[in-house]
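With the first letter of the sequence shown counted as 1, position 259 gets the number 266 in the numbering used here; the numbers rise by one all the way through. Glycine included, each C-beta is placed from N, C-alpha and C at the ideal position. Because the structure is a prediction, the values reported are computed rather than measured.
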Amino acid sequence: MTLSRSTGRAVGAIVTRAVAASALILGAVGFVSTPAQAAVTGFGGAVGVPQTVTVTDVTFNAVGQSTCTVTPTINGVAQVSAIGTVQGSTLTFQWTAANVGAATFSMGDCTTTSTIPAATITQVATTTVINTPNTAPLNQAVRVNVTVQSASPSTYTPSGQVVVRNANGAVLQTLGLTPGPGAGQSFAYYWWNPTTAGTFFFIATYNGDSNATTSVSPQDSVIATPSGANISITAPATMTQGVPVQLTATVFPSGTQGSASFTVNNQPISGSNPLNAQGQASFTWTPTMLGQISLGANYMTTTGGSGSTSETVTVVAGAAAKDTITLIAPGLGTWNPGGVYTASNGTTFTFKASTQSGAAVTLSDTGPCNVSGLSLTVDVGTGQCNLVASSPGGPGYAANQQSYTVLAVPGNQMLTFQPQASGRVNRGRTIRLEANGGSDTSAGQAINWRAINSRGVCRVTLPSNGSVMVRMTGSGACQIRGIAQAVPGQWNSMVVNFTYRVR
Numbered sequence: 008m009t010l011s012r013s014t015g016r017a018v019g020a021i022v023t024r025a026v027a028a029s030a031l032i033l034g035a036v037g038f039v040s041t042p043a044q045a046a047v048t049g050f051g052g053a054v055g056v057p058q059t060v061t062v063t064d065v066t067f068n069a070v071g072q073s074t075c076t077v078t079p080t081i082n083g084v085a086q087v088s089a090i091g092t093v094q095g096s097t098l099t100f101q102w103t104a105a106n107v108g109a110a111t112f113s114m115g116d117c118t119t120t121s122t123i124p125a126a127t128i129t130q131v132a133t134t135t136v137i138n139t140p141n142t143a144p145l146n147q148a149v150r151v152n153v154t155v156q157s158a159s160p161s162t163y164t165p166s167g168q169v170v171v172r173n174a175n176g177a178v179l180q181t182l183g184l185t186p187g188p189g190a191g192q193s194f195a196y197y198w199w200n201p202t203t204a205g206t207f208f209f210i211a212t213y214n215g216d217s218n219a220t221t222s223v224s225p226q227d228s229v230i231a232t233p234s235g236a237n238i239s240i241t242a243p244a245t246m247t248q249g250v251p252v253q254l255t256a257t258v259f260p261s262g263t264q265g266s267a268s269f270t271v272n273n274q275p276i277s278g279s280n281p282l283n284a285q286g287q288a289s290f291t292w293t294p295t296m297l298g299q300i301s302l303g304a305n306y307m308t309t310t311g312g313s314g315s316t317s318e319t320v321t322v323v324a325g326a327a328a329k330d331t332i333t334l335i336a337p338g339l340g341t342w343n344p345g346g347v348y349t350a351s352n353g354t355t356f357t358f359k360a361s362t363q364s365g366a367a368v369t370l371s372d373t374g375p376c377n378v379s380g381l382s383l384t385v386d387v388g389t390g391q392c393n394l395v396a397s398s399p400g401g402p403g404y405a406a407n408q409q410s411y412t413v414l415a416v417p418g419n420q421m422l423t424f425q426p427q428a429s430g431r432v433n434r435g436r437t438i439r440l441e442a443n444g445g446s447d448t449s450a451g452q453a454i455n456w457r458a459i460n461s462r463g464v465c466r467v468t469l470p471s472n473g474s475v476m477v478r479m480t481g482s483g484a485c486q487i488r489g490i491a492q493a494v495p496g497q498w499n500s501m502v503v504n505f506t507y508r509v510r
C-alpha cells in the first residue's frame, strides 16, 4: 500500500473505487445501441427474372396483420400486386417484371422508414439456335428449326421475327416467333427443299423486341445428297445382263479423301477405289444375274469416317439396243452414219453431239485429219479421213460407234495482207499491195501483181524493202490483178482484182 505524504491515507483504495465507478458508467453507456439503417434489397433487374425483394423496418398499419400487399409499377403503370410476408420487421415479396422501364412499388397495409428506390428494368439477353438435319435427300423438304431463349432465370417469352441467312448473308427466310415450348422460349421453323447436291449453311438472327436483346445463332449446315446419306450411288435403274455398266459412288462433302467399294446383295464386287478430287470413285461391272438386286456402296475416309448406302435396280435379259449418236455440224445440219462428206483444206468442223443414253460422245480419226474434242480439222488437200463417233452406252443402251467419211479437197488461198478496197483515189496516191516480206498467201505462195489496160493511169512498183506498191500517175481506171499459183493437191490457184478510179 502507498501512503500519501500529506494525509497518510491509502491511495490504492481510492484508485480502486474510481476505476470501479468508471466501469459502471461505461457499462451503462454500452447498453445503448444505434438503430439499424432501413433498406430495400433485390429490387430491379432484367425483364422476366423473378425478384425476391426485402424491405426492412416495416410496421403494420393494423393490429393482427401478418402480410402486406405490394403494388409494383413500371413507367407509372401498376403491375400485378404481390403479397409479402413479414418476419419481425422485415417484409419479403416476390414479383417478375413484364417489361422494361423505371420501376418502383408501394405498400397498402404496411409502412416503412426505408426509402423505396426507383429501379431500372432492363432488356433480357437472348440466345438463338438454328437446328438442321445433318443430311438431306434431294428434292425432299426437310425442317429447319430456330429457337430463341431468354437468359436464365428469365421466363420472358421473346417476340418478333428471326431472319435465316446463308453463309454469304443472303436472306433465305423471315419467320415470326411462336411462344414455347419451354419457359422463356419461342420458336419458328420452315421447310427447305434442296435441289442440288452440296453443303449448305444456315445462320439465324433474332431481331429482338422492346424487352429482349438481339442475338445471332452459331452456323449450322446440311449436306444434301441424292440418297440423303453421306454417300450416293449413280447407276442405271435398269441394266441388261452381260452389258457392262459404270457404277459411281459420290461421298459428301465434295473433296472428301478416302476410298469406296461396291457390293451386290451385300457381297463385294470390287476392291477399294480411291476417291478423286470431287469425292467420287467409279467401277465398271457386268451384271450376271437377272431380276431385282441390291446395289450397295461403302466408303472409308482417311480420317476414319465411314458409311454406306444401297438401292434396288433391275437386271433384264437380252441384248440392249445400241446407243444412237447424233452428230450436228453447225450450219450444215446432221451428219448421217456412213455418210460421205467433202471438205476443203483448212476447214474446221465443231460438232454438237448427243446420245439417247445421255452418255458423252468422243471423236477419233484414222485418216490425215486432226481431232480435238468435238472438233475435226481438215488440214490436207487430198485424202480420206475416217471419222468415228463413239458412245460407251448408258441405262438400257449398249455401247456404239458410228463412222463417217470425209474426202479432203484443195482449199482456197487467202491474202495475208489486205490492200485498200476498190474505189476512188486521188492522182499521185500510192497504195500498198503487199507488206514488207513474208508470205503473200495463206499457202505461202508469191503473188504476181500487174496493171491491166491501165497505161498512163497507174503502174506497179517494187521498192527495195520487199513490198509491192501501185502509184496513180494519171486519171482514169486503174485495174490491178494479183495471181498466186496453185499448190498441187493442197491449194487452188488464187486470182484477185482491184479497180481504182483515179481523179
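Counterpart residues of residue i in DSSP-defined beta bridges
i: GLN492; result: According to DSSP, which records beta bridges pairwise, GLN492 is partnered with nothing at all.
i: ASP216; result: ALA219
i: GLN156; result: THR134 and GLN192
i: LEU370; result: ALA396
i: ALA126; result: ALA110
i: LEU254; result: PHE290
Contact check, residue i vs residue j, beta carbons under 7 angstroms
i: GLY286; j: GLY262; result: yes
i: THR293; j: PRO251; result: yes
i: ALA360; j: PRO399; result: no
i: ALA324; j: GLN248; result: yes
i: ASP227; j: PHE209; result: yes
i: VAL413; j: ALA396; result: no
i: GLY418; j: TRP498; result: yes
i: VAL155; j: THR133; result: yes
i: PRO344; j: GLN427; result: no
i: THR255; j: THR241; result: yes
i: THR61; j: GLY115; result: no
i: VAL47; j: PRO140; result: no
i: GLY521; j: GLY388; result: Because the chain in this structure spans residues 8 to 510, residue 521 falls outside the shown range and cannot be described.
i: SER279; j: ASN305; result: no
i: LEU145; j: PRO188; result: no
i: GLN420; j: SER449; result: yes
i: LEU339; j: ASP372; result: no
i: THR59; j: GLN101; result: yes
i: ALA109; j: ASN82; result: yes
Residue i, enclosing beta strand (DSSP E) - first and last residue
i: ARG478; result: 475-479
i: ASN407; result: 407-416
i: ARG439; result: 437-441
i: GLN163; result: One detail in the question is off: residue 163 reads as Tyr in this sequence, not Gln. Element bounds for TYR163: n/a, residue is neither H nor E.
i: ALA428; result: Counting along the chain, ALA428 falls outside any beta strand (DSSP E), and DSSP gives it neither H nor E.
i: ILE240; result: 238-241
i: GLY108; result: 108-114
i: ASN305; result: 298-308
i: PHE100; result: 97-103
i: VAL60; result: 57-62
i: ASN393; result: 391-398
i: ASP386; result: Careful: ASP386 lies outside any beta strand (DSSP E) and carries neither H nor E.
i: PHE505; result: 501-509
i: MET246; result: 245-247
i: ASP227; result: 227-232
i: GLN180; result: 178-183
i: THR118; result: 117-119
i: THR319; result: 313-323
i: ARG466; result: 465-468
Identity of the residue in the options nearest residue i by Cα
i: ILE90; options: SER96, THR291, ASN106 and PRO79; result: PRO79
i: ASN504; options: ASN455, GLN180, ARG478 and GLY496; result: ASN455
i: GLY463; options: GLY483, THR448 and SER446; result: GLY483
i: GLY430; options: TYR404, MET479 and PHE424; result: MET479
i: SER88; options: ALA69, THR111, SER73 and GLN94; result: THR111
i: GLY235; options: GLY191, GLY314 and ARG508; result: GLY314
i: THR203; options: SER449, ASP386, VAL229 and GLY303; result: VAL229
i: SER277; options: VAL151, GLY303 and VAL502; result: GLY303
i: ASN407; options: SER239, ALA328, GLY451 and PRO495; result: ALA328
i: SER351; options: VAL385, VAL170 and VAL271; result: VAL385
i: ALA69; options: PRO260, THR355, ALA190 and THR118; result: THR118
i: ASN138; options: TRP198, TRP102, GLN452 and ALA405; result: TRP198
i: SER96; options: ILE438, THR74, LEU334 and GLN425; result: THR74
i: SER382; options: GLY52, THR354 and GLY298; result: THR354
i: MET7; options: GLN492, ARG457, THR245 and VAL271; result: With the chain covering only 8 through 510, there is no way to say anything about residue 7.
i: ASN106; options: SER266, VAL56, THR349 and ALA405; result: VAL56
i: THR437; options: LEU422, GLY481 and ALA174; result: GLY481
i: ASN152; options: VAL136, PHE67 and ALA143; result: VAL136
i: LEU469; options: ILE459, GLN486, ARG439 and ARG488; result: ARG439
Segment contact flag, the region 376-383 with the region 203-221, C-beta cutoff 8 angstroms, min 3 pairs: Fewer than three pairs of CB atoms, one per stretch, sit closer than 8 angstroms, so the region 376-383 makes no contact with the region 203-221.
Cβ contact check for the region 218-227 and the region 163-183: 3 or more pairs under 8 angstroms: yes
Three-pair Cβ contact test at 8 angstroms for the region 174-188 versus the region 112-131: Because the criterion of three Cβ pairs below 8 angstroms is not met, the region 174-188 and the region 112-131 do not touch.
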